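A.B. asks: The structure under discussion is supplied below as structure tokens; questions concerning it will follow.
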Amino acid sequence: MVSAPFSRRGFLAGIGGVGVAGLLGACATGSNESAGAASTTLTLQSSLSDPDPKAALTKVVEGYSKSQVTLNTIAIETFRAQLPTYLNSGNPPDVLTWYAGSVARDYASKGFLLDVSDLWTGSGPCAGFSPALKELSTADGKQIFVPTNYYWWGVFYRKSAFQEWGVQVPTTWDEFIAVCKTIKSKGVAPISMGTGSTPWVASGWFDYLNLRINGADFHRELLSGKHPFDGPEVKTVMDHYRQLVEYIDPKGRSYSWQDAVTPLTAKKAGMYLIGAFITSGVPSDAVDDLDFFRVPIIDPSVPVAEEAPTDGYFASAKSRNPQRAKELLGYLASAPAQQQFIQLAKSSNLPTSQAVDTTTFAPLVQKGIKLLNESKAITQFFNRDSSDELQTTADTALTKFLDSPGDVNKILTEWQGAAKKVLGS
Amino acid sequence: MTAVAAPPRPEEVGMAPPRRRKSGLRAVPPIVWVFLLIPAVVEVGMVFWPAVNSFYLSLTEWNGLGAARPVGLDNFRDLFSDGIFLGALKNNVIWAVGFGGLSVLGGLALALALNRPRRGVGLYRSAIYLPMVFSLAVTGLFWRVQYQPDGTINTLLGAVGLESVERQWLADPHTALYAVLIAAVWRQVGYVMVLYLAGLKGTDPTLDDAAAVDGATAWQRFRFVTWPQLRGVNTVVFAVTVIDSLRTFDIVWAMTQGGPYHSSELLSTYMFQQGFTFLNLGYASAIAVVIFALALIFIITYLVRATKEEVA
Numbered sequence: 001m002v003s004a005p006f007s008r009r010g011f012l013a014g015i016g017g018v019g020v021a022g023l024l025g026a027c028a029t030g031s032n033e034s035a036g037a038a039s040t041t042l043t044l045q046s047s048l049s050d051p052d053p054k055a056a057l058t059k060v061v062e063g064y065s066k067s068q069v070t071l072n073t074i075a076i077e078t079f080r081a082q083l084p085t086y087l088n089s090g091n092p093p094d095v096l097t098w099y100a101g102s103v104a105r106d107y108a109s110k111g112f113l114l115d116v117s118d119l120w121t122g123s124g125p126c127a128g129f130s131p132a133l134k135e136l137s138t139a140d141g142k143q144i145f146v147p148t149n150y151y152w153w154g155v156f157y158r159k160s161a162f163q164e165w166g167v168q169v170p171t172t173w174d175e176f177i178a179v180c181k182t183i184k185s186k187g188v189a190p191i192s193m194g195t196g197s198t199p200w201v202a203s204g205w206f207d208y209l210n211l212r213i214n215g216a217d218f219h220r221e222l223l224s225g226k227h228p229f230d231g232p233e234v235k236t237v238m239d240h241y242r243q244l245v246e247y248i249d250p251k252g253r254s255y256s257w258q259d260a261v262t263p264l265t266a267k268k269a270g271m272y273l274i275g276a277f278i279t280s281g282v283p284s285d286a287v288d289d290l291d292f293f294r295v296p297i298i299d300p301s302v303p304v305a306e307e308a309p310t311d312g313y314f315a316s317a318k319s320r321n322p323q324r325a326k327e328l329l330g331y332l333a334s335a336p337a338q339q340q341f342i343q344l345a346k347s348s349n350l351p352t353s354q355a356v357d358t359t360t361f362a363p364l365v366q367k368g369i370k371l372l373n374e375s376k377a378i379t380q381f382f383n384r385d386s387s388d389e390l391q392t393t394a395d396t397a398l399t400k401f402l403d404s405p406g407d408v409n410k411i412l413t414e415w416q417g418a419a420k421k422v423l424g425s
Numbered sequence: 001m002t003a004v005a006a007p008p009r010p011e012e013v014g015m016a017p018p019r020r021r022k023s024g025l026r027a028v029p030p031i032v033w034v035f036l037l038i039p040a041v042v043e044v045g046m047v048f049w050p051a052v053n054s055f056y057l058s059l060t061e062w063n064g065l066g067a068a069r070p071v072g073l074d075n076f077r078d079l080f081s082d083g084i085f086l087g088a089l090k091n092n093v094i095w096a097v098g099f100g101g102l103s104v105l106g107g108l109a110l111a112l113a114l115n116r117p118r119r120g121v122g123l124y125r126s127a128i129y130l131p132m133v134f135s136l137a138v139t140g141l142f143w144r145v146q147y148q149p150d151g152t153i154n155t156l157l158g159a160v161g162l163e164s165v166e167r168q169w170l171a172d173p174h175t176a177l178y179a180v181l182i183a184a185v186w187r188q189v190g191y192v193m194v195l196y197l198a199g200l201k202g203t204d205p206t207l208d209d210a211a212a213v214d215g216a217t218a219w220q221r222f223r224f225v226t227w228p229q230l231r232g233v234n235t236v237v238f239a240v241t242v243i244d245s246l247r248t249f250d251i252v253w254a255m256t257q258g259g260p261y262h263s264s265e266l267l268s269t270y271m272f273q274q275g276f277t278f279l280n281l282g283y284a285s286a287i288a289v290v291i292f293a294l295a296l297i298f299i300i301t302y303l304v305r306a307t308k309e310e311v312a
């Protein structure tokens, strides 16, 4: 065929043209639509992609009437990777879920986060939050974060199992080691720990031993690179960690943190140092049997600190409507919204607002509130107090240590080398 | 017979007159250009431009915020003093050799065994191809369960009295990489088998029969009759295997995430971690450039050799 009739050619070219126009149009309308939406409705970018928290936040947002809110839920790993892009884009989401800690401060120092200091003063929705939370949400003298819930860490165990083995809750390090010994003598692994696909669990013990031996201030400074990981303080921490190694379930090296809950509920492991989120992995008939205790005191002269990673929201500095974004933050931080979210999400998280009526919460959660109220200092978690990149240096060092505790000095030197590279970049 | 028969006219032997075909080639209708150019524009804009960008990014330091800071070749210099990168590079070599070798040998052996029609052969072929249907992430999950401390593999070893061999396959830095390798080969072998089965269908059975009549052994018939006829398939299998082994990511990520302590780290998993977990986008791009260069070197040298042989 040499030439097609003009009309047919024109028709085909037309289709091609429509295709291109459609393609370009798709891009154009894509941005137009969101730009138009930003001026009238707010975008709430959420990383809460698990079914219960997602449904809970959807419900909470539905109850907001002051502005229209579009809730975008994005899987956590994608969210983490995309977060700088969101904040840096010309038309960012107005409000975003994230964690308090060094990452939020890092973004704030680059000017990406909205100053929400006025929410924290006078009769603002965050004015009644504890000074520790305020401190946590502050960067360069301004508040940039609105914490809405947090959870505690503790050594979880089954009450009925402790009864069967005839052991009491330990309060000192020596008592703790004695409990481990007794449990081991029953043919049960004393400590469960899933460091296979979730090696960060190993940092839980590291954080706590460091908090108990060197205190919260040293811990924070260590994680911000002001002390070396191969210094004498960390060596003392590792000496204590080493005493635990023989009591840690060796099979845990193949487990995730969720897998490691199973031996605990099946009474094949005695104790598990983990966050309150463990309740989501425990069968409902065993939840009432679950209890926890504070990581035993090692040096009584060190003020008691606990890990309580805090979740919440921040707003983008480039939000088209900062006033409305702040109003939404205020609503999310309000006592009814916090209460509604925590209950619908079926989590064991604690509200940050003291106005929330917690008397209806499970006894375990009430005990968690008491634990945190009694502690002198609150830390986040290794990665939130430092960075995700420093976390992987800890993962490498600590899992290696669990495999060959004898090489501790070499491992700490390597850790310091890796940490220096991360902190230097 | 003295009369010489006239040569047959082209129409008689079904050949198109050459002149008409030429003119058809010369006058490509504009509409065809349109159909060629639109995909080309899309391809350049959405594939090549981002790819070129990552070359540029590899020369910068960028965490996704603000402007990228040019650092010259620093990223590449850092790479070659980075123990984890060098370990990943070494693992990639082990992976390419192990994954390529085992899946090609296994696939070829299975194809030869299952080439002749006999009862139930279709069932065997489908059973071996079946793992290919699952995504690598699912394969990883499936094998992770097998490798658990109380999983099938340790149970089987225990049942036959090999307790001493039992170990935590994925948590042991000495076995993690190989444990993942087996799972990947388990999946790839069916794919290579299908490629070789197709290749074997294209060989001439009469040559094989003739060699058998001449008294050639089975090995001789394979080595000197069948194998040379598989050259075309070998090129495809080689290219596919090298590319697959260099881009292996999902199965390692699903099974070990490169751990324990980077012992099963591959270039791709390290790149992912640097790029999308730590947001060291410049450094991650440098790793991507290395992967690209490796793939290119392997494929180009092989293709050049293969085409040379064909010409000769």
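Protein chains in written order, with UniProt numbering: chain A, 1 to 425; chain B, 1 to 312.
Every residue gets a Cβ at the ideal spot worked out from N, C-alpha and C, and that includes glycine.
All values derive from a computational prediction rather than experimental measurement.
What beta strand (DSSP E) runs, 3 residues minimum, are completely inside the stretch 192-239 of chain B?
C.D. replies: None, since the stretch 192-239 of chain B contains no complete beta strand (DSSP E) of that length.
A.B. asks: Taking the alpha-carbon positions, what's the T248 (chain B) to R125 (chain B) distance?
C.D. replies: Approximately 24 Å, taken between the alpha carbons.
A.B. asks: Tell me the DSSP bridge mates of D291 (chain A)?
C.D. replies: Answer is A:Y157.
A.B. asks: Consider the Cβ of T203 (chain B): report whether some Cβ of chain A lies at a distance smaller than 7 Å.
C.D. replies: Output row for T203 (chain B): interface = no.
A.B. asks: With DSSP collapsed to three states, give me the class of R305 (chain B).
C.D. replies: In this structure, R305 (chain B) counts as helix in the three-state DSSP scheme.
A.B. asks: Just to check my reading of the structure: I76 (chain A) and F314 (chain A) have Cβ atoms closer than 8 Å, yes? What is that Cβ distance to the nearest angstrom?
C.D. replies: About 16 Å; that fails the 8 Å criterion.
A.B. asks: In chain A, what lies closer than 8 Å to residue 316 (chain B) by C-beta?
C.D. replies: This structure gives no information on residue 316 (chain B), because the portion of chain B shown stretches from 1 to 312.
A.B. asks: Check for me: the alpha helix (DSSP H) holding P131 (chain A) runs from which residue to which?
C.D. replies: Note, P131 (chain A): alpha helix (DSSP H), P131 to L136.
A.B. asks: Going by the DSSP bridge assignment, what does M132 (chain B) pair with across the sheet?
C.D. replies: DSSP output for M132 (chain B) lists no bridge partner at all.
A.B. asks: Of the choices A:F229, A:R105, A:A104 and A:F277, whose alpha-carbon is the least far from that of A419 (chain A)?
C.D. replies: The option with the nearest alpha carbon to A419 (chain A) is A:F229.
A.B. asks: Can you pull the chain B neighbours of P84 (chain A), defined as C-beta to C-beta under 8 Å?
C.D. replies: In chain order: N63, G64, L65 and L279.
A.B. asks: Can you name the residues of chain A whose CB is closer than 7 Å to the CB of F249 (chain B)?
C.D. replies: What F249 (chain B) touches in chain A: nothing, since even the nearest Cβ is about 14 Å away.
A.B. asks: Quick one: grab the DSSP three-state call for V2 (chain A).
C.D. replies: Note that V2 (chain A) scores 39 on pLDDT, short of 50, meaning its location in the model is unreliable; the coordinates nonetheless yield the value given after this. V2 (chain A): coil per DSSP, three-state reduction.
A.B. asks: Closest by CA to Q163 (chain A), which one among A:K142, A:A132 and A:K186?
C.D. replies: Closest option to Q163 (chain A), Cα to Cα, is A:K186.
A.B. asks: For Q45 (chain A), report the span of its beta strand (DSSP E) as first-last.
C.D. replies: Where Q45 (chain A) is concerned, the enclosing beta strand (DSSP E) stretches over T41 to S46.
A.B. asks: On the criterion of 16 or more Cβ atoms from any shown chain inside 10 Å, does R119 (chain B) qualify as buried, or is it exposed?
C.D. replies: That one is exposed.
A.B. asks: I need the straight-line Cα distance from L23 (chain A) to I38 (chain B), nearest angstrom please.
C.D. replies: Residue placement at L23 (chain A) is poorly supported in this model, since its pLDDT is 40, which falls under 50; the coordinates are not used for a value here.
A.B. asks: Tell me, to the nearest whole angstrom, how far the beta carbon of Y241 (chain A) is from that of W205 (chain A); I am working on the premise that it is less than 8 Å.
C.D. replies: Contact flag correct, Cβ pair sits at about 6 Å.
A.B. asks: Would you identify the three-state DSSP class for T277 (chain B), choosing helix, strand or coil?
C.D. replies: Residue state, collapsed to three classes: helix.
A.B. asks: Contact criterion: CB-CB distance below 7 Å. Does R253 (chain A) meet it with respect to chain B?
C.D. replies: For R253 (chain A), the answer is yes, since a Cβ of chain B falls inside 7 Å of its Cβ.
A.B. asks: When DSSP labels each residue in this structure, what does G107 (chain B) get in the three-state scheme?
C.D. replies: Helix, per DSSP.
A.B. asks: Compare the C-beta of V388 (chain A) against all C-beta atoms of chain B and say whether one is closer than 7 Å.
C.D. replies: In the sequence on display, residue 388 (chain A) carries Asp and not Val. D388 (chain A) counts as touching chain B.
A.B. asks: Would I278 (chain A) pass as a contact of M193 (chain A) if the rule is Cβ separation under 7 Å?
C.D. replies: Not in contact: I278 (chain A) and M193 (chain A) (Cβ atoms no closer than 7 Å).
A.B. asks: Run through DSSP, which three-state label would L156 (chain B) get?
C.D. replies: In the structure shown, L156 (chain B) sits in a helix (DSSP, three-state: H, G or I).
A.B. asks: Taking Cβ to Cβ, would you say residue 433 (chain A) is nearer than 7 Å to V237 (chain A)?
C.D. replies: The shown model of chain A, from 1 to 425, leaves out residue 433 (chain A), and the question about it has no answer.
A.B. asks: Hey, would you say the C-beta of W153 (chain A) is under 6 Å away from at least one heavy atom of the ligand COA?
C.D. replies: Of the ligands one can find in the structure shown there are none, so the ligand COA has no counterpart to examine.
A.B. asks: Does A202 (chain A) get closer than 7 Å to chain B when you measure Cβ to Cβ?
C.D. replies: No, no contact with chain B.
A.B. asks: Take the Cβ of W219 (chain B) as the centre, count every other Cβ of all protein chains shown within 10 Å, and call the residue buried at 16 or more, exposed below.
C.D. replies: Exposed: under 16 other Cβ atoms inside 10 Å.
A.B. asks: Have a look at the DSSP bridge pairing and note the partners of E61 (chain B).
C.D. replies: B:R69, per the DSSP bridge assignment.
A.B. asks: Answer yes or no: do A56 (chain A) and F341 (chain A) have a C-beta to C-beta separation smaller than 7 Å?
C.D. replies: Closer than 7 Å, so yes.
A.B. asks: Ordered along the chain, which non-local residues of its own chain (more than five positions away) have a Cβ less than 6 Å from that of D407 (chain A)?
C.D. replies: The answer is none, since no qualifying residue turns up.
A.B. asks: Can you check DSSP and say which residues form a bridge with I298 (chain A)?
C.D. replies: None; I298 (chain A) has no bridge partner.
A.B. asks: Roughly how many whole angstroms lie between the Cα atoms of P51 (chain A) and L230 (chain B)?
C.D. replies: Going from the Cα of P51 (chain A) to the Cα of L230 (chain B) covers about 52 Å.
A.B. asks: Under 7 Å between the Cβ atoms of A137 (chain B) and D250 (chain B)?
C.D. replies: In this structure, D250 (chain B) lies closer than 7 Å to A137 (chain B) by Cβ.
A.B. asks: Could you name the residues of the same chain whose beta carbon sits closer than 7 Å to that of Y255 (chain A), not counting the 5 residues immediately before and after it, in chain order?
C.D. replies: Closer than 7 Å at Cβ, skipping near neighbours: G194 and G196.
A.B. asks: Quick one: what's got a C-beta closer than 8 Å to G158 (chain B)'s C-beta in the same chain, skipping five residues either side?
C.D. replies: Excluding residues within five positions, the ones whose Cβ falls inside 8 Å are E166.
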